[in-house]
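These notes are about the structure you will find just below.
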Amino acid sequence: GENVEQHPSTLSVQEGDSAVIKCTYSDSASNYFPWYKQELGKRPQLIIDIRSNVGEKKDQRIAVTLNKTAKHFSLHITETQPEDSAVYFCAASITGNQFYFGTGTSLTVIP
Amino acid sequence: DTEVTQTPKHLVMGMTNKKSLKCEQHMGHRAMYWYKQKAKKPPELMFVYSYEKLSINESVPSRFSPECPNSSLLNLHLHALQPEDSALYLCASSQDPVAGDQPQHFGDGTRLSIL
Numbered sequence: 004g005e006n007v008e009q010h011p012s013t014l015s016v017q018e019g020d021s022a023v024i025k026c027t028y029s030d031s032a033s034n035y036f037p038w039y040k041q042e043l044g045k046r047p048q049l050i051i052d053i054r055s056n057v058g059e060k061k062d063q064r065i066a067v068t069l070n071k072t073a074k075h076f077s078l079h080i081t082e083t084q085p086e087d088s089a090v091y092f093c094a095a096s097i098t099g100n101q102f103y104f105g106t107g108t109s110l111t112v113i114p
Numbered sequence: 375d376t377e378v379t380q381t382p383k384h385l386v387m388g389m390t391n392k393k394s395l396k397c398e399q400h401m402g403h404r405a406m407y408w409y410k411q412k413a414k415k416p417p418e419l420m421f422v423y424s425y426e427k428l429s430i431n432e433s434v435p436s437r438f439s440p441e442c443p444n445s446s447l448l449n450l451h452l453h454a455l456q457p458e459d460s461a462l463y464l465c466a467s468s469q470d471p472v473a474g475d476q477p478q479h480f481g482d483g484t485r486l487s488i489l
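Chains as they are written, first to last, in the numbering used here: chain A, 4 to 114; chain B, 375 to 489.
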């Protein structure tokens with residue numbers, strides 16, 4: 004099956020700086036890569052996703068890049084704010100009903 | 375707004391009790407999922423229903439019994455649980471069980487504590 008690795012496991016940045024979280028996957032058949040943000044005690048919320056036919060996608064301060072050759076994708080958050088503090092999970096999907104999650108990154112934005 | 379609704383939000387039960395978790399969505403999604411999540415860990419897949427039929431069971435102990443009465447409802451029946459089953463139970467849905475590029479929408483979860 005698919006194996007998704009995520010780094011770093013914890014990340015602290017100063018407010019206003021950028022944060023980058025990286026994931027690698029093992030199965031070249033994976034074709035969909037969502038990112039979820041989960042605040043303490045709350046549900047995972049989809050913040051951005053990318054499909055395998057696209058190399059980059061941006062939504063305001065959040066961007067995701069995908070390198071299919073190297074089998075890795077990254078989340079970029081610019082101008083970080085304290086409310087960005089949360090656990091972030093990447094995921095990869097091959098078929099429509101099985102998602103493989105990364106181990107999570109705990110992001111702390113220091114005011 | 376949460377489009378996937380889970381009840382109850384919290385549940386405390388003894389190891390001999392029988393209880394059920396409920397999940398409901400009205401987005402017309404045809405894939406529904408149960409996940410178990412421990413603190414600061416990723417969601418761990420338990421079951422997948424595709425078109426109201428169980429398509430994936432990730433070797434979950436039989437003390438967890440899923441049920442999909444119709445395309446909008448998903449239940450998880452609990453019986454004789456162990457303390458290590460205490461966790462956040464998340465329900466999710468996605469539009470198309472076959473297409474591989476549809477996002478999952480999660481409910482707020484049921485926080486389960488086993489005494």
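C-beta atoms are modelled at their ideal positions from N, C-alpha and C, and glycine is treated no differently.
Across the structure, B/S460 and B/Q411 are spaced so that their CA atoms are roughly 9 Å apart. Annotation: B/L395 to B/A466 spans about 13 Å, alpha carbon to alpha carbon. Annotated three-state conformation of A/P85 is helix, per DSSP. For A/V16, the enclosing beta strand (DSSP E) covers residues 13-17. Comparing alpha-carbon positions, the option among A/V90, A/D62, A/H75, A/Y103 lying closest to A/V112 turns out to be A/V90. Listed in chain order, the positions of the segment 79-110 of chain A with a beta carbon within less than 7 Å of a beta carbon of chain B are V90, F92, S96, I97, T98, G99, N100, Q101, F102, F104, G105, T106, G107, S109.
For A/I50 and A/H79, the gap between their C-alpha atoms comes out near 12 Å. Using a C-beta cut-off of 8 Å, the segment 57-77 of chain A makes no contact with the segment 431-447 of chain B, since fewer than three inter-stretch Cβ pairs fall below that distance.
Counting along the chain, B/V422 sits inside the beta strand (DSSP E) bounded by residues 418-424. Contact between the segment 384-394 of chain B and the segment 28-43 of chain A is not established, with fewer than three Cβ pairs separated by less than 8 Å.
For B/P440, the closest Cβ of chain A is not nearer than 8 Å.
Look at the segment 416-440 of chain B: the residues with a C-beta under 7 Å from a C-beta of chain A are P416, P417, V422, S424, S429, I430. Note that the C-beta distance between B/Y409 and B/L489 is not below 8 Å. Nearest Cα to B/K427 within the set B/F438, B/Y407, B/E458, B/R437: B/Y407. Under a criterion of Cβ atoms nearer than 7 Å, the residues of chain B adjacent to A/L49 are, in order, P477. Going by DSSP, B/M389 is part of no beta strand (DSSP E) at all; its letter is neither H nor E.
Note on B/R404: 16 or more other CB atoms within 10 angstroms of its CB, so buried under the neighbour-count rule.
For B/L486, there are no neighbours in chain A by C-beta distance under 9 Å, as the nearest C-beta there is about 14 Å away. Following the DSSP letters along the chain, one finds A/I65 inside the beta strand (DSSP E) bounded by residues 65-70. Against B/G481, the close residues of chain A are R46, in the order they occur along the chain (beta-carbon pairs closer than 8 Å). A/Q41 is bridged by DSSP to A/V90.
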